[in-house]
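Position one of the sequence shown corresponds to residue 1 (the UniProt record's numbering), numbered consecutively onward.
The beta-carbon is built from N, C-alpha and C at its ideal position, and this holds for glycine as well.
Quick caveat, the model's predicted, so the values are computed rather than measured.
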Amino acid sequence: MSIAEIFDTMDYGQAPESRELAVKWLSDHQGKFDLFINGAWAKPGSKKWFNSVNPATAQSLGKIAAANGEDVGKAVKAARKAQKSWQSIGGHARARHLYALARAVQRNARLLAVLESLDNGKPVRETRDIDIPLVARHFYHHAGWAQLQDQEFPEFEPMGVIGQIIPWNFPLLMLAWKIAPAIAAGNTVVLKPAEYTSLTALCFAEICKDAGLPDGVVNIVTGDGKTGEHLVTHPDVNKIAFTGSTEVGRRIRNATAGSGKHLTLELGGKSPFIVFEDADLDSAVEGVVDAIWFNQGQVCCAGSRLLLQEGIADKMVVKLKERMKTLRIGDPLDKSIDMGAIVAPVQVKTIEKLVETGQKEGAKMWQPDIDVPETGSFYPPTLFTEVQPAATIAQEEIFGPVIVTMTFRTPDEAVQIANNTRYGLAASVWSENINLALDIAPKLDCGVVWINSTNQFDAACGFGGNRESGYGREGGHEGMLEVLKPKTHLKPVQNKRKSQRKATQSGSPSTLPSLDRTAKLYIGGKQARPDSGYSLPVLSASGQKIGEIGHGNRKDIRNAVEAARKESAWTKINSHGRAQILYYLAENLDARRQEFAERLQTTTGVSSTLSIDEVNASINRLFSYAAWADKYESTVHSPPLRGVTLAMKEPIGTIGIICPDENPLLSLISLAGPALAMGNRIVLIPSENHPLCATDLYQVLDTSDFPAGAFNIVTGYHEELAQTLAEHDDVKSVWYFGSKEGSAAVEAASVGNMKRTWVNHGQARDWFNSAHAEGREFLRHATQIKNIWIPYGE
Ligand code: NAI
1 MSIAEIFDTM
11 DYGQAPESRE
21 LAVKWLSDHQ
31 GKFDLFINGA
41 WAKPGSKKWF
51 NSVNPATAQS
61 LGKIAAANGE
71 DVGKAVKAAR
81 KAQKSWQSIG
91 GHARARHLYA
101 LARAVQRNAR
111 LLAVLESLDN
121 GKPVRETRDI
131 DIPLVARHFY
141 HHAGWAQLQD
151 QEFPEFEPMG
161 VIGQIIPWNF
171 PLLMLAWKIA
181 PAIAAGNTVV
191 LKPAEYTSLT
201 ALCFAEICKD
211 AGLPDGVVNI
221 VTGDGKTGEH
231 LVTHPDVNKI
241 AFTGSTEVGR
251 RIRNATAGSG
261 KHLTLELGGK
271 SPFIVFEDAD
281 LDSAVEGVVD
291 AIWFNQGQVC
301 CAGSRLLLQE
311 GIADKMVVKL
321 KERMKTLRIG
331 DPLDKSIDMG
341 AIVAPVQVKT
351 IEKLVETGQK
361 EGAKMWQPDI
371 DVPETGSFYP
381 PTLFTEVQPA
391 ATIAQEEIFG
401 PVIVTMTFRT
411 PDEAVQIANN
421 TRYGLAASVW
431 SENINLALDI
441 APKLDCGVVW
451 INSTNQFDAA
461 CGFGGNRESG
471 YGREGGHEGM
481 LEVLKPKTHL
491 KPVQNKRKSQ
501 RKATQSGSPS
511 TLPSLDRTAK
521 LYIGGKQARP
531 DSGYSLPVLS
541 ASGQKIGEIG
551 HGNRKDIRNA
561 VEAARKESAW
571 TKINSHGRAQ
581 ILYYLAENLD
591 ARRQEFAERL
601 QTTTGVSSTL
611 SIDEVNASIN
621 RLFSYAAWAD
631 KYESTVHSPP
641 LRGVTLAMKE
651 PIGTIGIICP
661 DENPLLSLIS
671 LAGPALAMGN
681 RIVLIPSENH
691 PLCATDLYQV
701 LDTSDFPAGA
711 FNIVTGYHEE
721 LAQTLAEHDD
731 VKSVWYFGSK
741 EGSAAVEAAS
751 VGNMKRTWVN
761 HGQARDWFNS
771 AHAEGREFLR
781 HATQIKNIWI
791 PYGE
């Protein structure tokens with residue numbers, strides 16, 4: 001072939017990476033792998049091993065142990081035993097260990113890259129240039145957090161033993177995302193890799209041993225979903241961190257509800273890739289390649305919905321098809337291929353089925369005429385046009401190299417289509433107009449936005465989603481807060497008043513003093529009669545009936561949520577404006593300080609001094625949150641890439657708040673304050689036994705300039721109302737401060753739209769102590785971080 005002909009075809013030759021190192025490593029283990037527990041290999045109690053297969057060749061790479069419940073128990077025990085000393089060696093010592101791990105990953109980079117490619121089927125170019133360097137970067141970055149832990153997180157301590165369950169799409173990278181922050185913070189871990197891709201985790205176990213990591217700090221238990229279940233339900237695990245499908249995430253939420261285990265879920269996505277008319281289309285085409293054909297589209301944040309502005313839609317599709325014809329699919333160890341194998345035949349079947357559905361539903365499918373290997377699990381790059389936004393392929397995660405295209409006319413319509421899924425993980429916005437891009441970014445309901453870029457990751461920048469994409473963030477400062485817990489001193493809730501209330505309710509009302517007026521509910525800025533038309537008696541500390549409150553029901557909660565949903569003005573008011581209104585509320589409460597103190601005295605039976613203290617503390621707290629409103633600020637990360645990342649603290653939306661009985665006014669203000677200061681709308685259920693200080697607030701609220709619907713109050717039985725709030729799709733988070741059983745019920749009911757929950761598991765706080773009842777912990781629960789990546793600098 002002449003040089004001119006080579007230029008004409010632009011064909012690449014083969015550039016195979018040597019598999020030698022990996023083959024040697026596999027044969028050094030005789031192709032059989034045990035579990036890694038307490039720094040040593042351990043045979044599985046089940047005496048069962050399963051095959052790990054190279055998806056590009058369908059050949060076995062080795063046998064992997066299947067851990068049973070007993071094995072998981074041993075791993076958790078080893079982790080527990082190691083935890084205290086790992087914590088107490090201090091941040092600097094841990095930093096040195098993480099640094100050693102980072103160095104060891106770099107030393108073994110070639111072995112890890114090839115092994116990952118063999119096991120998962122992804123191109124070695126990706127494992128070599130993206131996965132493994134990012135793994136090392138994670139350990140370096142988190143060595144830094146360990147070093148700075150005492151200065152940066154003085155009020156926090158490690159959670160203890162963390163169970164981590166990871167998927168197969170980025171096996172070693174997900175391991176690093178999970179393990180690096182957890183052990184940096186002083187936790188120990190039991191990690192379960194995905195059954196398709198355990199090899200690099202086992203190789204990493206050896207690296208830990210060689211690098212001198214103390215025994216028991218990192219334990220690896222291999223196996224399938226059953227092994228995962230054992231880990232999830234083990235009583236001595238303090239937290240579960242999961243990445244995988246929304247379906248399994250839901251099961252894990254259910255299984256851990258009420259257990260007191262902290263939970264973070266990083267689930268699926270159907271992320272939009274939005275191209276405006278003024279975008280640089282050639283760059284956008286390359287962006288699409290990285291968005292959906294990177295890792296064969298098996299990426300939770302893959303840009304799988306291409307939204308094109310009408311004027312450029314046809315042109316963009318033509319360009320994209322041309323580019324697709326040049327994609328090379330084949331042996332993952334060939335450094336010049338673009339797409340490798342799909343992880344397993346079952347995943348290929350899933351992709352095929354969804355593609356078939358797409359065609360049946362009327363969308364138009366196109367695949368380039370390129371060579372696709374006949375053996376192994378391969379699937380060609382695929383483009384759908386003429387897709388309806390409600391079509392299955394526009395809504396379901398395909399998790400393969402398949403992109404669906406839709407068009408839009410205006411920026412508003414783009415946002416509407418972009419947000420029209422149950423997920424909310426990531427989005428990519430392409431426009432040469434920075435004003436337009438930065439106008440769109442805040443309107444997208446997701447955890448990450450890339451401007452004129454896509455699929456960028458760094459250890460310093462948080463990653464995670466909204467809605468059914470899960471909750472919690474991994475990476476950076478916010479990721480550290482997911483593996484630490486505040487050093488608060490909680491005590492069991494005293495619940496003796498409940499039985500009193502019930503006794504009197506069933507007693508004869510005629511023996512009680514005459515009623516004063518019945519307090520209604522407060523919905524949409526107005527007092528509203530409860531839907532049931534019924535009221536409930538309220539008792540004084542001495543058991544006398546002192547009033548009645550509305551018996552709120554499901555319908556009232558729905559009305560309140562609707563009022564909150566419609567009230568977008570509160571979120572749009574700037575932080576200064578919100579602070580002003582909180583100050584005003586404090587001022588109005590101050591004007592009626594004596595009246596509230598007397599109410600507290602009668603209802604809770606505290607002394608006059610304590611009751612006036614509680615009102616004063618409530619006013620003080622409102623001042624605090626007025627102060628915080630413009631001081632809990634967003635940050636800017638400088639990842640080692642060409643760009644900056646704005647870590648924007650955004651309100652969550654509508655928050656349902658169920659208040660405790662202790663210090664009924666102060667606890668109510670302590671919970672409503674941060675939620676409102678951060679721009680959320682609230683539906684608040686006041687103390688069940690002492691609700692009158694909340695109903696007395698109606699008049700104070702009337703004169704405090706809150707937009708109607710920002711602050712709603714529904715009185716009634718906690719169990720019933722909390723359940724409705726937790727099940728409601730428009731409620732994005734529920735804070736529950738009541739009994740242990742109630743906490744469990746809220747967590748279980750939250751699985752519907754995978755909403756965030758913050759529950760106290762029957763533990764009480766000292767509401768007077770501002771170190772435990774005010775500040776950053778509360779503000780963190782009132783916000784979610786959106787990381788917006790912007791090209792910046794050279
Ligand atoms: P999966 O969610 O079933 O597996 C992820 C991990 O969870 C694996 O380690 C698995 O062994 C474990 N697991 C499974 N059932 C469990 C249970 N009941 N309790 C505890 N752990 C359990 O994902 P799978 O089957 O591998 O893939 C199915 C679909 O999930 C994909 O087609 C894709 O749509 C989605 N997925 C999303 C990922 C993401 O990063 N968002 C990653 C992997 C899959």
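Subject >> For histidine 29 and alanine 93, the rounded distance between their alpha carbons >> reply: 32 Å
Original post:
Helix, strand or coil for isoleucine 398 per DSSP?
Top reply: coil
Subject >> Unbroken beta strand (DSSP E) run spanning glutamine 164, endpoints >> reply: 161-165
**OP:** Give a single yes or no on whether threonine 243 has its beta carbon closer than 6 Å to a heavy atom of the ligand NAI.
**Re:** Yes, Cβ of threonine 243 sits closer than 6 Å to a heavy atom of the ligand NAI.
Subject >> Alpha-carbon spacing of aspartate 290 relative to phenylalanine 457, whole angstroms >> reply: 13 Å
Original post:
In or out: lysine 74 buried (at least 16 other Cβ within 10 Å) or exposed?
Top reply: buried
Subject >> For histidine 772, the three-state DSSP class (helix, strand or coil) >> reply: helix
Subject >> Backbone CA spacing between arginine 323 and glycine 287 [nearest angstrom] >> reply: 11 Å
Original post:
Quick one: what does DSSP say glutamine 527 is sitting in, helix, strand or coil?
Top reply: strand
Original post:
How about alanine 78 and asparagine 38: are their beta carbons less than 7 Å apart?
Top reply: yes
**OP:** Answer yes or no: the CB of glutamate 727 versus the heavy atoms of the ligand NAI, is any distance below 6 Å?
**Re:** no
**OP:** Return yes when at least one heavy atom of the ligand NAI lies under 6 Å from the C-beta of alanine 194, else no.
**Re:** yes
**OP:** Could you name the residues of the same chain whose beta carbon sits closer than 6 Å to that of serine 469, not counting the 5 residues immediately before and after it, in chain order?
**Re:** The beta carbon of serine 469 is closer than 6 Å to those of Leu267, Gly269, Tyr423, Gly424, Leu425 in its chain, skipping five residues each way along the sequence.
Original post:
Is glutamate 397 near the ligand NAI, in the sense that its beta carbon is under 6 Å from a heavy atom of that ligand?
Top reply: yes
Original post:
Less than 6 Å between the CB of arginine 305 and some heavy atom of the ligand NAI, yes or no?
Top reply: no
Original post:
If you drop the 5 nearest sequence neighbours on each side, which residues of the same chain put their C-beta closer than 6 Å to that of residue 803?
Top reply: The first residue shown for the chain is 1 and the last is 794, placing residue 803 beyond what the model contains.
Original post:
With a Cβ-Cβ cutoff of 7 Å, do valine 124 and glutamate 17 count as a contact?
Top reply: Their beta carbons are under 7 Å apart, which means valine 124 touches glutamate 17 by this criterion.
Original post:
How many Å lie between aspartate 34 and aspartate 71 at the Cα?
Top reply: 11 Å
Original post:
Hey, alanine 744 and alanine 257: beta-carbon distance below 7 Å or not?
Top reply: yes
Original post:
Is glycine 340 near the ligand NAI, in the sense that its beta carbon is under 6 Å from a heavy atom of that ligand?
Top reply: Result no, Cβ not under 6 Å from the ligand NAI.
**OP:** Have a look at the DSSP bridge pairing and note the partners of phenylalanine 33.
**Re:** Paired residue(s): Ile64.
Subject >> Candidates Leu383, Tyr379, Ser540: closest to glutamine 359 by CA position >> reply: Leu383
Original post:
To which residues does DSSP link phenylalanine 408 through a beta bridge?
Top reply: Gln309
Original post:
Comparing the CB of valine 53 with every heavy atom of the ligand NAI, is any distance shorter than 6 Å?
Top reply: no
Subject >> Residue nearest to isoleucine 220 in terms of C-alpha spacing, selected from Asn238, Thr197, Pro235, Val387 >> reply: Ranking the options by Cα distance to isoleucine 220, first place goes to Thr197.
Original post:
Any idea if arginine 529 is buried or exposed, counting beta-carbon neighbours within 10 angstroms, 16 or more meaning buried?
Top reply: A residue is called buried when at least 16 other Cβ atoms come within 10 angstroms of its Cβ; arginine 529 does not meet this threshold and is exposed.
Original post:
Which runs of the alpha helix (DSSP H) spanning at least 4 residues fall entirely within the region 351-391, listed in chain order?
Top reply: none
Original post:
In terms of alpha-carbon separation, which member of Phe242, Gln388, Glu247 lies closest to isoleucine 166?
Top reply: Looking at Phe242, Gln388, Glu247, the one whose alpha-carbon comes closest to that of isoleucine 166 is Phe242.
**OP:** Answer with buried or exposed for proline 513, where buried requires no fewer than 16 other C-beta atoms within 10 angstroms of its C-beta.
**Re:** Any reading at proline 513 must be qualified, since the residue scores a pLDDT of 45, below 50, and its modelled position is unreliable; no value is offered.
Subject >> Buried or exposed by the 16-neighbour rule on C-beta atoms within 10 Å, applied to valine 318 >> reply: exposed
Subject >> Whole-angstrom distance between valine 299 and tryptophan 767, CA atom to CA atom >> reply: 44 Å
**OP:** Would you mind stating whether alanine 427 and valine 449 have Cβ atoms separated by less than 7 Å?
**Re:** yes
**OP:** Identify which residue in Glu116, Pro181, Val161, Thr127 has its Cα closest to the Cα of alanine 201.
**Re:** Measuring from the Cα of alanine 201, the nearest candidate turns out to be Glu116.
Subject >> Buried versus exposed, by CB contacts within 10 Å (16 or more), tyrosine 534 >> reply: exposed
Subject >> As assigned by DSSP and simplified to three states, the class of serine 535 >> reply: strand
Original post:
Tell me which same chain residues have a C-beta within less than 7 Å of the C-beta of valine 217, skipping the five on either side of it?
Top reply: Ala82, Trp86, Ile183, Thr188
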